[in-house]
Each structure stands twice: as structure tokens, then as C-alpha cells.
Amino acid sequence: MILRLQSFFAGLLAVLLALGAAQAKPTSGGYQHFEPVALEHQQHIQLSSLGNFDYFAKVASECCNATNKGAFRTTDAVSVTGARSIDKAQSYETGVREIYGGASLSDRSFTVIVDGRRVNGIADDVTVINGRTTAVDAKFTDDWATSIRNPNSPNGNQPWAVAEQQKMVDQARNYSVAFDGGAIYHTNNQALAQHYARAFTDAGISNFEFVVTPTR
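Our numbering numbers the first residue of the sequence shown as 2 and each following residue consecutively.
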């Protein structure tokens, strides 16, 4: 009987020693030991994980869709009529507004204080993107090479041309203050978009986007 008990305890001791050695081994090779979670805690962990996923997905979306980080978005073409540049520009503005449905004058009007000055303005249109009110502006050019908005055009360094170029930057700054979403600029000319995307950024303006909307 004593021998049987000794054999039993010896076997039990061997089993306990083996288990202790197994638990002392560090996890490796990608294997990890996880303690089981009580059922009442599993739902909380799952919801927390989903919350984190939503947050980082939102951040990734904002990062990857940040304005002017790569090629400009392109929309369908809009019809432009008229013989004079001013007529074409007005026609282009109408076409861009039709993309968004056309907001009322009161919705497009704004008053803000910029650099200590009271500024009144009217956007070409207004839309809501990701819950943020955003100005819409149409910038048509008949010929970028000769446009006074182009500083490298023949008259680009004339005082009236420089004033027009500065007006573009001032307008973007006003939009950025007046509207949570800043502004979306539609233009038929990619060179204009490239130039003023740099100009706005250099001026410290970040909440804007240029979109190429061709004409037909």
C-alpha cells in the first residue's frame, strides 16, 4: 500500500513539474497565450474595437482624400456659350452651379472679420460636404497664357494684374474663415489650378480643393 502511494505521488509530482516547465516557456513563433474573456466583457471589447476602427478609418479617409495631394479631380464637362470672355465665364459659373443645384442668395452670402476688417462676400454656390458648409467658386479662363491671373503672362506683372492675383488669395482666405469646409474651386484649366493651389498653400490656406471641370 505504501509503495502504491509513493508511486502515485511520484507520478503526480512529475506531472506538476512538467506543467510548470511548459508555463515557464516564453511565447515565440507568433504564438501568444490569451486568457479567455468572460462573456459579459466580450461585447464591450468588440464595441471598443469597432469604435477604434471607425476612428482610424476616418483619419485614413481624411488623409488619403486630403486636398491637392495628387492629381486634381475631374468632373463632367459643362456647356459654355458666349463670344466674350466675360460671357463665357458667366456661362461657366451657371454650369458649375447646376452641379450642386444652386443655393439661394442668402445662403451664399457671408460676412466675416479677416485681419481686423469686415468682409462681405457672395460665393458662386454653397454645398455641404461631410457635414461642413463649403463655398463653391467657378474660375474660368479663356487662355491661361494671356490671363492676368497668370503672373507669367505678358501683362501678369502689371499693377492691375497683380491686384487680381492677390484678390484670388484674399478670396480663398475669406472663404476659409467664413465656411467650415473652406472652398471648392472649379476651373477649366489645370495650370490655373496648379498655380493657385501652390499660392494658397504658400499663404497658409489649407481648407480648399481645386477640381477640373472642362467645357464643351
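Positions of the beta carbon are idealized from the N, C-alpha and C atoms, including for glycine.
By a C-beta neighbour count over all protein chains shown, 10 Å radius and 16 as the cutoff for buried, is residue i buried or exposed?
i      : result
Thr76  : exposed
Tyr56  : Note that Tyr56 has pLDDT 27, beneath the 50 cutoff, so the model's placement of it is unreliable and the number below is only indicative. Exposed, since its Cβ has fewer than 16 Cβ neighbours within 10 Å.
Gln159 : exposed
Arg118 : exposed
Asp203 : exposed
Asp125 : buried
Gly132 : exposed
Ile1   : Beyond the ends of the chain as shown, which are 2 and 217, falls residue 1; an answer cannot be given.
Ala164 : exposed
Ala72  : exposed
Whole angstroms are fine: how far does the CA of residue j sit from the CA of residue i?
i      : j      : result
Arg217 : Val79  : 6 angstroms
Pro215 : Thr95  : 13 angstroms
Glu99  : Ser92  : 11 angstroms
Phe1   : Ala84  : Since the displayed the chain opens at 2 and closes at 217, residue 1 lies outside it and no answer follows.
Ser105 : Thr128 : 11 angstroms
Val115 : Ala162 : 23 angstroms
Ile123 : Gln195 : 24 angstroms
Asp144 : Tyr101 : 26 angstroms
Val81  : Thr112 : 31 angstroms
Val213 : Ala90  : 15 angstroms
Arg74  : Val120 : 30 angstroms
Asp138 : Gly183 : 11 angstroms
Ile87  : Met169 : 17 angstroms
Ile130 : Asp171 : 23 angstroms
Gly103 : Ala179 : 19 angstroms
Short of 8 angstroms in beta carbon distance, which residues of its chain neighbour residue i, apart from the five on each side in sequence? Order them along the chain.
i      : result
Gln166 : Ile149, Arg150, Pro152, Gly157 and Ala200
Pro155 : Thr147
Thr188 : Ala139, Lys140, Phe141, Thr142, Ala194, Phe211, Val212, Val213 and Thr214
Gln191 : Phe73 and Val213
Excluding sequence positions up to five away, which residues of its chain have a Cβ less than 7 angstroms from the Cβ of residue i?
i      : result
Ile206 : Ala173, Arg174 and Ser177
Excluding sequence positions up to five away, which residues of its chain have a Cβ less than 6 angstroms from the Cβ of residue i?
i      : result
Asp181 : Arg133 and Thr134
Asp108 : Val127
Ser1   : The structure shown does not extend to residue 1, since the chain is modelled only from 2 through 217, so no value can be given for it.
Check the DSSP bridge columns for residue i and list the partner residues they point to.
i      : result
Ser92  : Answer is none; Ser92 lacks a bridge partner.
Ile185 : Val137 and Glu210
Phe180 : For Phe180, which the question treats as bridged, DSSP gives no partner whatsoever.
Phe73  : Answer is none; Phe73 lacks a bridge partner.
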